[in-house]
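Take a look at the structure below.
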Amino acid sequence: MVAAVAVSGAAWWFSRRGPEEPEVPATVCNGLSTAEIEQVVGRRVESENLGRTSSFKYNPDLSCTLAFDRFAFVRIGYINAPWFWSLADTSVREDRLKTDFTSYGWSVEEIELGLDGRSYVTVDPDRNAGDTAYGVWYSESGRTLWVAVFKDDPTVSTDEIKRTTIALLDHLADVVPPIYPMTTDEPSAPAS
């Protein structure tokens, strides 16, 4: 009888708690603080996918995607080149950002983050292309840092997506370059 009560009590307690949330590491994207990123975005990081940190042509060449609870997926990119990869796999230089994105109906706004070079936020007001927003810093050094927001939660406003994209770009501009310093060395070839 005591065992039956204990088992049913434990079952009730677990059913009230719900499923356990998956554990996200303390750092994501090979060195970024999960807690700091969650504070900036205001949402919990659900998962990460680190694509790469360097390539044969570019060092650094960071590509990392984070999934945020009830917000969106966010791809973070940082490359030693004066362009960024859009989610459509096209390289986007500053001039193309200003012309091509506006021709597709996106808003393109230059933003002041106190960084060298120029920074922009661009948002698709219709949110039907898959990618919803980009925050981009084209550094005078030739490096480019970007944040791409895609597969967003439709209950999140376009204004919130824009604010969050800017805040995340501003935060990452402080923390990413020291973790991924620019180098003139070519990455080593993979072992055969």
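The opening residue of the sequence shown carries number 300 in the numbering used here; numbering runs sequentially from there.
Where a beta carbon is used, it is the ideal one built from N, C-alpha and C, also for glycine.
Cβ neighbour criterion (16 or more within 10 Å) applied to residue i
{"i": "F400", "result": "buried"}
{"i": "R409", "result": "Sequence inspection shows Glu at residue 409; the Arg mentioned does not correspond to that position. Answer is exposed; the Cβ neighbour count stays below 16."}
{"i": "D451", "result": "buried"}
{"i": "F355", "result": "exposed"}
{"i": "Y403", "result": "exposed"}
{"i": "Y433", "result": "buried"}
{"i": "S487", "result": "Below a pLDDT of 50, predicted positions are generally treated as unreliable, and S487, at 38, falls in that range; no measurement from the model is reported."}
{"i": "T578", "result": "Residue 578 falls outside the range modelled here, since the chain spans only 300 to 491, and no answer is possible."}
{"i": "G376", "result": "buried"}
Simplified DSSP state of residue i, which is helix, strand or coil
{"i": "L396", "result": "helix"}
{"i": "V327", "result": "strand"}
{"i": "V474", "result": "helix"}
{"i": "L468", "result": "helix"}
{"i": "R462", "result": "helix"}
{"i": "A334", "result": "helix"}
{"i": "V455", "result": "coil"}
{"i": "T352", "result": "coil"}
{"i": "T431", "result": "strand"}
{"i": "S402", "result": "helix"}
Alpha-carbon spacing of residue i relative to residue j, whole angstroms
{"i": "V475", "j": "D425", "result": "31 Å"}
{"i": "D484", "j": "N358", "result": "Any answer about D484 is weak, because its pLDDT of 49 lies below 50 and its placement is not dependable; what the coordinates show is given next. Their Cα atoms are separated by approximately 7 Å."}
{"i": "S385", "j": "W445", "result": "9 Å"}
{"i": "N427", "j": "E459", "result": "17 Å"}
{"i": "Y479", "j": "R462", "result": "25 Å"}
{"i": "R442", "j": "D394", "result": "15 Å"}
{"i": "T464", "j": "T352", "result": "22 Å"}
{"i": "L467", "j": "F383", "result": "16 Å"}
{"i": "R343", "j": "M481", "result": "30 Å"}
{"i": "E337", "j": "E322", "result": "14 Å"}
Same chain only: Cβ atoms within 7 Å of residue i, ignoring 5 sequence neighbours per side
{"i": "L396", "result": "V407, Y419, T421 and V435"}
{"i": "T472", "result": "Before going on, a small fix: residue 472 reads as Ala here, not Thr. For A472, where only same-chain residues beyond five positions count, the Cβ hits under 7 Å are L412, L414, W436 and L444."}
{"i": "P381", "result": "R392, Y437, G441 and T443"}
Beta-carbon contacts of residue i that lie in its chain and below 6 Å, excluding the five residues immediately before and after
{"i": "G416", "result": "Y437, S438 and E439"}
{"i": "E347", "result": "V327 and L365"}
{"i": "I378", "result": "Y357, D360 and T443"}
{"i": "E345", "result": "A366 and D368"}
{"i": "W405", "result": "T421 and D423"}
{"i": "G330", "result": "I478"}
{"i": "R374", "result": "T364 and A447"}
Proximal residues to residue i (C-beta, below 8 Å), its chain only, five neighbours per side dropped
{"i": "A334", "result": "A325"}
{"i": "S332", "result": "A325, T326 and V474"}
{"i": "P453", "result": "R426"}
{"i": "G429", "result": "L386, F449 and K450"}
{"i": "A371", "result": "T431, V448, F449, K450, D451, D452, V455 and I460"}
Stretch-stretch touch, CB-based, cutoff 8 Å, three pairs: the segment 388-395 with the segment 360-373: Contact fails: fewer than three Cβ-Cβ distances are below 8 Å.
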